[in-house]
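Residue 33 in the UniProt record's numbering sits at position 33 of the sequence shown; the count goes up by one each step and never skips. Positions of the beta carbon are idealized from the N, C-alpha and C atoms, including for glycine. Just so it is clear, the structure is predicted and the values come from calculations on it, not from any experiment. Worksheet for the structure shown next.
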Amino acid sequence: MNPSLRGQGPRRHPRDRMNHNANERLRRNLLNAQFDTLANLLPIPWNNHGRPTKRYIIEAALQWIEDIQYREFQYMEQVRHLQIENARLANEI
């Protein structure tokens, strides 16, 4: 194979390339909108330097989820202890 032709593949019609570019732009815009939505849902203050990076949004979301899971565990333990206490008090009656 001629090295100068490697990776070029068959030539596309300009209209096909325009459609591909439009579809890729739409995909990118939708993904960016989803990142913005996720960023707005997070209870983390952003710096005043504009839009947070995608990496920061993902890291903040992961941290938030871990915090929620930990709090859920604590609440479940509290419920378990209260149920035990409730059963103990009910037996005293």
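Going straight from the alpha carbon of residue i to that of residue j, what length do you get?
i, j, result
"Gly-50", "Leu-30", "19 Å"
"Ala-80", "Asn-19", "Rather than Ala, the amino acid found at residue 80 in this sequence is Arg. Looking at the two C-alpha atoms, the distance is approximately 58 Å."
"Ile-84", "Met-76", "12 Å"
"Asn-91", "Gln-74", "26 Å"
"Ile-65", "Glu-24", "30 Å"
Who are the Cβ neighbours of residue i in its own chain at under 6 Å, not counting the five residues just before and after it?
i, result
"Ala-60", "Leu-42 and Ile-44"
Starting from the C-beta of residue i, find all residues in its chain whose C-beta is less than 7 Å away, skip the five residues before and the five after it, and write them out in chain order.
i, result
"Leu-38", "Ile-57 and Ala-61"
Go ahead and pull the three-state DSSP assignment for residue i.
i, result
"Pro-14", "helix"
"Thr-37", "helix"
"Leu-89", "helix"
"Leu-62", "helix"
"Leu-42", "coil"
"Arg-51", "coil"
Looking only at C-alpha atoms, which of the options sits nearest to residue i?
i, options, result
"Arg-55", "Asp-36, His-81 and His-13", "Asp-36"
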